[in-house]
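A short worksheet on the structure shown next.
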Amino acid sequence: MSTPEQVNRAVEIAQRIRNEVSRAVVGQQQVIEQVIIALLAAGHVLIEGVPGLGKTLLVQALAKTFEGRFTRIQFTPDLMPSDVTGHAMYDIKSEEFRIRKGPVFTHLLLADEINRAPAKSQAALLEVMQEQQVTIEGKSFAVPLPFMTLATQNPVEQEGTYPLPEAQL
155 MSTPEQVNRA VEIAQRIRNE VSRAVVGQQQ VIEQVIIALL AAGHVLIEGV PGLGKTLLVQ
215 ALAKTFEGRF TRIQFTPDLM PSDVTGHAMY DIKSEEFRIR KGPVFTHLLL ADEINRAPAK
275 SQAALLEVMQ EQQVTIEGKS FAVPLPFMTL ATQNPVEQEG TYPLPEAQL
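In terms of this note's numbering, the sequence shown is residues 155 to 323.
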């Protein structure tokens with residue numbers, strides 16, 4: 155249950171974020187409101203539009219107001235799932251495998267142009283978005299909380315894009 159103090163604090167945070175983001179992104183109040191609601195509700199956002207509408211600028215402006223770590227992944231056709239989540243690397247000095255955590259270990263993740271990467275790489279985000287954890291070499295690692303993914307995509311008709319699977323929509 156929410157106390158009046160918690161509600162007032164959420165309203166203050168939402169107003170501060172709205173004011174800051176609105177300075178950078180003009181004329182997109184409805185989108186800004188929806189992104190803030192998703193942030194406060196611990197959800198994720200997919201922003202679609204043709205190039206040049208300010209999708210990435212919106213997320214970058216939000217990140218500046220966010221009191222946590224921000225990471226951007228530029229999704230490309232050659233992006234591998236391990237580039238997103240992380241992987242095990244062999245350390246010659248210690249003669250053992252070490253986990254190298256990927257860019258999803260952040261508070262605010264920008265998955266820029268997510269539909270430019272193949273489905274296998276897109277799917278690497280599903281576990282972290284749903285469970286707030288990543289499994290690498292059979293071990294689960296929690297991501298910092300709060301965690302939010304903001305993905306941008308160009309319309310599927312654009313050259314060099316892959317459709318998102320239903321689970322990501």
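Virtual Cβ for every residue (Gly too), placed ideally from N, Cα, C.
Just so you know, these numbers come straight off a predicted model, no measurement behind them.
Whole-angstrom distance between residue j and residue i, CA atom to CA atom
i: V204; j: I268; result: 13 Å
i: S156; j: P298; result: 23 Å
i: N308; j: A196; result: 24 Å
i: V175; j: A296; result: 29 Å
i: S248; j: F259; result: 24 Å
i: V331; j: K255; result: Any property of residue 331 remains undetermined from this structure, which presents the chain solely from 155 to 323.
i: M350; j: A273; result: As displayed, the chain neither begins before 155 nor continues past 323, which places residue 350 out of reach and without an answer.
i: T303; j: D245; result: 31 Å
i: P257; j: E166; result: 29 Å
i: A182; j: M243; result: According to the sequence displayed, residue 182 carries Gln and not Ala. For Q182 and M243, the distance between alpha carbons rounds to 43 Å.
i: E277; j: Q214; result: According to the sequence shown, residue 277 is Ala rather than Glu. Those two C-alpha atoms are separated by around 23 Å.
i: R163; j: T219; result: 15 Å
i: I290; j: N173; result: 39 Å
i: F251; j: S236; result: 15 Å
i: H241; j: V288; result: 10 Å
i: E187; j: I253; result: 38 Å
i: Q286; j: E159; result: 27 Å
i: F224; j: A192; result: 16 Å
CB contact flag (residue i, residue j, <8 Å)
i: I227; j: L280; result: no
i: L211; j: I171; result: no
i: G222; j: H198; result: no
i: L233; j: S275; result: yes
Supposed contact pair residue j and residue i - C-beta distance, whole angstroms, cut 8 Å
i: R270; j: T230; result: 6 Å
i: V185; j: I201; result: 7 Å
i: A168; j: L194; result: 6 Å
Buried versus exposed call for residue i [16 or more other C-beta atoms within 10 Å across all chains shown]
i: T306; result: buried
i: F301; result: buried
i: D266; result: buried
i: K293; result: exposed
i: I190; result: buried
Chain D within 8 Å of residue i, Cβ atoms only
i: L262; result: Although the question refers to chain D, the structure presented lacks it and comprises just one protein chain.
Check your understanding: Along the chain, which unbroken stretches of the beta strand (DSSP E) at least 3 residues long are found entirely within the region 237-295?
Key -> The region 237-295 contains these whole beta strand (DSSP E) runs: 240-245, 250-255, 262-266 and 287-290.
Check your understanding: What are the complete beta strand (DSSP E) segments, minimum 3 residues, inside the region 157-238?
Key -> 199-202 and 224-228
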